[in-house]
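Residue numbers for the sequence shown, in my numbering: 26 to 489.
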Amino acid sequence: MSAECYPVAKAGGLGDVVGALPKYQNKLGHIAKVVMPMYRSKFLYENNFEVVHKGAFGLANYWFDYTIIKEASNKVGFDLYLVDIYGILDREKIYGYDDDSLRFTAFQVAVVDWLAQWKHRPDIVHVHDHHTALVPFMMQYCYAYQHLAGIKTILTIHNAEYQGWMGWEKSNYIPHYDPWKSGMLEWNNTINPLASGIKCAAKVSTVSPNYLQELRYNSNGLENLFEYEKGKCYGILNGIDNDVWNPETDTYIEENFSLNNFKKHKAANKKVLCDQFNLDEDKALIVFIGRLVGEKAADLLPSAISDSIYHMEGRMNFLILGSGEHWIEHQLQNMRGHFLGYYNSQIGYNEKLAHLMYAGADFLLMPSRVEPCGLNQMYAMRYGTIPIVRNTGGLHDTVKDFGEEGGYGICFDRATVWDISYSVHRAVELYDQRERVHEIRKLMMQIDNSWERSAQVYINLYNS
Ligand code: ADP
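Okay, structure coming up:
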């Protein structure tokens, strides 16, 4: 159960994970289904659906009719159910509305209400992030749904920065519950859905082992809770969907390539990128792909890029793809004129360009302040692109500095302009050692970060 699922609706890594994990669980012989809100997405209009359930419930002063529709042809590799609540969920964007608390609480109530009447009884209900984290509470303590209490729930945390806080005046969004249990909703005097999920779920997982350790010291107010609940928390590294992210078959890129021929064909992708963005294909191409927010340290990019270009006399090129905070977008846009031929950017979300950049770039920069797992570095490695990462969260678990034995990436410790510029310097120096770069690319492309491995770890957690 999730707010995002690729290819239906994706804002970041959550969508990638929920779009891939169930597919691989099904391949292992289990039955995994996904339920998510019905947004006004392209996927909705381009595919056929059948109605499987209709219901209604009252919430605060509202009365909601909901419909569960199921994608008819099993196109995504698992049963996909969408929850339609007229006027509430059927919007263009996934998040960012003033009534998001109401939207996602209504979504959760609809799913639990449907589960209570469904002909199947799942063994596990697996929820993801704060948008679905009230479900373990609802299944145990809401009077109408208490017969679901025997079904075990698992909460996976993709990002603990966002917790879905709601004031107590919104407690009537949650169906009538045992008042003695209101403490299970609460953290620091507000209703905190993520904290509630951590307290009520049978098991909790984070998307990398190192992120779990970090949350005990830095989790936007939940540190003590993570420390207290550590006995039921597990870190499971995300995988990548090797069917979607495969340089041999990727239809978004200019020329496909494999371990045997990447030297020539990777360069062809770089050429297309450089031609399109007025960059120099002979120089090291360093790219950034992602949300332009403080968590990703995107605010440091303008200074780090200009510093690097000045101090290393333009020995490298930069290309940025992303969207997010407006002031960062503006700065990254305005810089184009100053660094023509050395730097370019595209503001917005562009799946095709992202693939081409993973394929064509030499280095991928991720200076993140917080990175629960990070998928970009794993995609980059599969496409032979060397990651330059800050030593945090899942980046620490997946990238080993090329200075160490068997290493392949560039790692640094602090999210500062100086550390980034220094790492860019190391990248440029490395780029001149062509044979070494070739060996590193070869090594990275063989690393197995696939879901096959991680899906089994989730199954073991379910069994436990
Ligand atoms: P997060 O979920 O924190 O945003 P992840 O590294 O887990 O970060 O996942 C990011 C995913 O979103 C990757 O698949 C990345 O390619 C994609 N992505 C992020 N921003 C963009 C963008 N502007 N255009 C295309 N893809 C993007």
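Backbone N, C-alpha and C define an ideal beta-carbon position, used for all residues, glycine too.
Subject >> Burial state of K228 (16 or more Cβ within 10 Å) >> reply: Residue environment: K228 is assigned as buried (16 or more neighbouring CB atoms within 10 Å of its CB, all protein chains considered).
**OP:** Whole angstroms is fine: what's the gap from Y367's alpha carbon to T92's?
**Re:** Distance between the alpha carbons of Y367 and T92: 52 Å.
**OP:** Mind checking who Y335 pairs with in its DSSP beta bridge?
**Re:** None, per the DSSP bridge assignment.
Original post:
D203 to F103, Cα distance in whole Å?
Top reply: Roughly 35 Å between the two C-alpha positions.
**OP:** Specify, as a first and last residue, the run of the beta strand (DSSP E) that Y87 falls within.
**Re:** Y87 -> beta strand (DSSP E) spans Y87 to E96.
**OP:** Go through its chain and collect everything with a Cβ distance to D305's Cβ below 7 Å, but skip five positions before and after it.
**Re:** For D305, same chain residues with a beta-carbon under 7 Å away, outside a window of 5 residues either side, are C299, N342 and G366 in chain order.
Subject >> Nearest-angstrom Cα separation, counted from N271 out to H290 >> reply: Rounded to the nearest whole angstrom, the CA to CA distance from H290 to N271 is 14 Å.
**OP:** Take A34 and list the residues in its own chain whose beta-carbon comes closer than 6 Å to its own, dropping the five residues that flank it on each side.
**Re:** So the list reads Y64, S66 and I119, once near-sequence residues are dropped.
Original post:
Under the criterion of a Cβ to heavy atom distance below 6 Å, does L344 qualify as lining the ligand ADP?
Top reply: Taking the Cβ of L344 as the reference point, every heavy atom of the ligand ADP lies at 6 Å or farther away.
Original post:
Could you give the residue range of the beta strand (DSSP E) that holds H151?
Top reply: Counting along the chain, the beta strand (DSSP E) containing H151 begins and ends at I149 to H153.
Subject >> Inter-residue spacing [alpha-carbon to alpha-carbon] between I199 and I445 >> reply: I199 and I445: Cα-Cα distance of roughly 46 Å.
**OP:** Write down the C-beta distance between P32 and G44 rounded to the nearest angstrom, noting that I regard them as a contact closer than 8 Å.
**Re:** About 6 Å separates the beta carbon of P32 from that of G44, a gap short enough to meet the 8 Å contact definition.
**OP:** Could you tell me whether any non-hydrogen atom of the ligand ADP is closer than 6 Å to the CB of A97?
**Re:** Within the chosen limit of 6 Å, the ligand ADP does not reach the beta carbon of A97 with any heavy atom.
Subject >> Own chain residues within Cβ distance below 6 Å of H78, not counting five before or after >> reply: Within the same chain, H78 has close Cβ partners I93 and W139.
**OP:** List the endpoints of the continuous alpha helix (DSSP H) containing C167.
**Re:** First-last for C167: undefined, no H or E at that position.
Subject >> Segments assigned beta strand (DSSP E), at least 3 residues, entirely inside the stretch 271 to 340 >> reply: Runs of the beta strand (DSSP E) lying entirely within the stretch 271 to 340 and spanning at least 3 residues, in chain order: 309 to 317.
Subject >> R415, enclosing beta strand (DSSP E) - first and last residue >> reply: The continuous beta strand (DSSP E) containing R415 extends over residues I411 to R415.
Subject >> CB contact flag (Q188, V160, <7 Å) >> reply: With contacts defined by Cβ atoms closer than 7 Å, Q188 and V160 do not form a contacting pair.
Subject >> Beta-ladder partner(s) of P62, from DSSP >> reply: According to DSSP, which records beta bridges pairwise, P62 is partnered with V108.
Subject >> Proximity test, Y374 beta-carbon vs the ligand GTP heavy atom, cut-off 6 Å >> reply: In the structure on display, the ligand GTP does not appear, and the ligands it does have are the ligand ADP.
Subject >> Inter-stretch contact at 8 Å, needing at least 3 Cβ pairs: the stretch 417 to 425 / the stretch 330 to 338 >> reply: Taking a cut-off of 8 Å for Cβ pairs, the stretch 417 to 425 and the stretch 330 to 338 do not touch, as fewer than three such pairs fall below it.
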